[in-house]
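Colleague: Before we start, here is the structure in question, set down as structure tokens.
Residue numbers (the working numbering), protein chains in the order written: chain A, 1 to 194; chain B, 1001 to 1194.
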């Protein structure tokens, strides 16, 4: 997705440890125009899949999921990283380890909002080692719904998540794939070799 | 806002302790059609204010803020409830006590995204005792930007937050004001007596 790649080059910052900071438009400040385009792109890529629900994780997955949900006419459910007092019973839960934060979080969703009749699209902002995506897949499996695929805004192609998901046969659509951040330079993978 | 009131009556649940659970369309599952209407309503109410930035809190404030941001052509910044490794320096920070969760959280935003030239609209999903809104106001004051007002999806009119903010002279626009949840019945305040 060319507009996204351009935005990453213009406003992304490479920090030490292969961290790509995109707080300017995705993870802290949200560019609503770009986010609309991201939602439209996800909708185009999954328009044949008859999506009935979108599943994501708080917080940075919410904006791209909502924009895709508007296009696909599908409600968005965001998994919570810890339980709140108003959401305690009847949960599907899984545990996700975050390498960035070096902590494990339980993520959970209410059993009320995804049933076995649903066709679910998972959306997240980043794919690195795949822990969050695998956690969301585990939740979809618990619901017995059909998993249509996984939509990712930015995949770090030099980490294992994308490889793991593709090898397991999941349909993975990443709007931008970073091949390398070495020496502070952002290099994208060619679209053809996704 | 009549469509919102209707949705609250149809899909909201009153729990013990004056808790209104709206996980079906606002706090856990997001109804994209309703959220579009909420964004349009905020935009209409603040269309004369020349908003340049919208400030909210993760996670449930993100969806209504993004929809308002699209209408008002303004980027959205969401305050984080704890610091992440990619966001440590140059923060505006304040402390917010959550009566629901009985914990204090530091919320922070990067100094990069709001400057003294901005006109800021604060948006949040709920207003109860006003702690979160006062925290966001504190952050806007630290930025020296102009605060245009506060947009709330659901105000609990029987708690003090709305009274405090109006008495201090802030422009507060609540799309639905709950007058009472007594005996499990949802009663709205008349629009005229806002």
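C-beta atoms are modelled at their ideal positions from N, C-alpha and C, and glycine is treated no differently.
Cβ of residue 58 of chain A less than 7 Å from any chain B Cβ?
Modeller: By this cut-off, residue 58 of chain A is an interface position.
Colleague: Select from B:1057, B:1035, B:1112 the residue whose C-alpha is nearest the C-alpha of residue 1067 of chain B.
Modeller: Here the closest residue by C-alpha is B:1035.
Colleague: On the three-state DSSP scale, how would you describe residue 1065 of chain B?
Modeller: In this structure, residue 1065 of chain B counts as helix in the three-state DSSP scheme.
Colleague: Taking C-alpha atoms, which residue in B:1132, B:1143, B:1028, B:1009 lies nearest to residue 1181 of chain B?
Modeller: Considering only alpha carbons, the answer is B:1009.
Colleague: Going by other Cβ atoms of all chains shown within 10 Å of its Cβ, with 16 needed for buried, is residue 85 of chain A buried or exposed?
Modeller: With a pLDDT of 44 at residue 85 of chain A, under the threshold of 50, the predicted position of this residue should be treated as unreliable, though the coordinate-derived value follows. Exposed is the call here.
Colleague: Taking the alpha-carbon positions, what's the residue 3 of chain A to residue 75 of chain A distance?
Modeller: Looking at the two C-alpha atoms, the distance is approximately 26 Å.
Colleague: Does residue 55 of chain A come out as helix, strand or coil in the three-state DSSP assignment?
Modeller: In this structure, residue 55 of chain A counts as strand in the three-state DSSP scheme.
Colleague: By DSSP, does residue 18 of chain A sit in helix, in strand, or in coil?
Modeller: Reduced to three states, the DSSP call for residue 18 of chain A is coil.
Colleague: Just checking, does the region 1088 to 1105 of chain B make contact with the region 1145 to 1154 of chain B on the three C-beta pairs under 8 Å criterion?
Modeller: Contact between the region 1088 to 1105 of chain B and the region 1145 to 1154 of chain B is absent, because fewer than three Cβ pairs lie under 8 Å.
Colleague: Which class does residue 3 of chain A belong to by DSSP, given the choice of helix, strand or coil?
Modeller: If DSSP states are grouped into helix, strand and coil, residue 3 of chain A belongs with the helices.
Colleague: Tell me where the alpha helix (DSSP H) around residue 1042 of chain B begins and ends.
Modeller: Where residue 1042 of chain B is concerned, the enclosing alpha helix (DSSP H) stretches over 1032 to 1045.
Colleague: Which residue or residues does DSSP assign as beta-bridge partners of residue 1097 of chain B?
Modeller: Beta-bridge pairing links residue 1097 of chain B to B:1104.
Colleague: Against chain B, with Cβ distances strictly below 7 Å, would residue 169 of chain A count as a contact?
Modeller: Not an interface residue.
Colleague: Measuring CA to CA, which of B:1130, B:1114, B:1159, B:1124 is closest to residue 1139 of chain B?
Modeller: Cα-wise, what sits closest to residue 1139 of chain B is B:1114.
Colleague: Hey, is residue 1028 of chain B's beta-carbon within less than 7 Å of any beta-carbon in chain A?
Modeller: It does; some Cβ of chain A falls within 7 Å.
Colleague: Give the DSSP bridge partners of residue 80 of chain A, in chain order.
Modeller: According to DSSP, residue 80 of chain A bridges with A:108.
Colleague: For chain A, find out if any of its Cβ atoms is closer than 7 Å to the Cβ of residue 1122 of chain B; answer yes or no.
Modeller: Output row for residue 1122 of chain B: interface = no.
Colleague: Using the three-state DSSP reduction, which class does residue 1161 of chain B fall into: helix, strand or coil?
Modeller: DSSP places residue 1161 of chain B in helix when its eight states are reduced to three.
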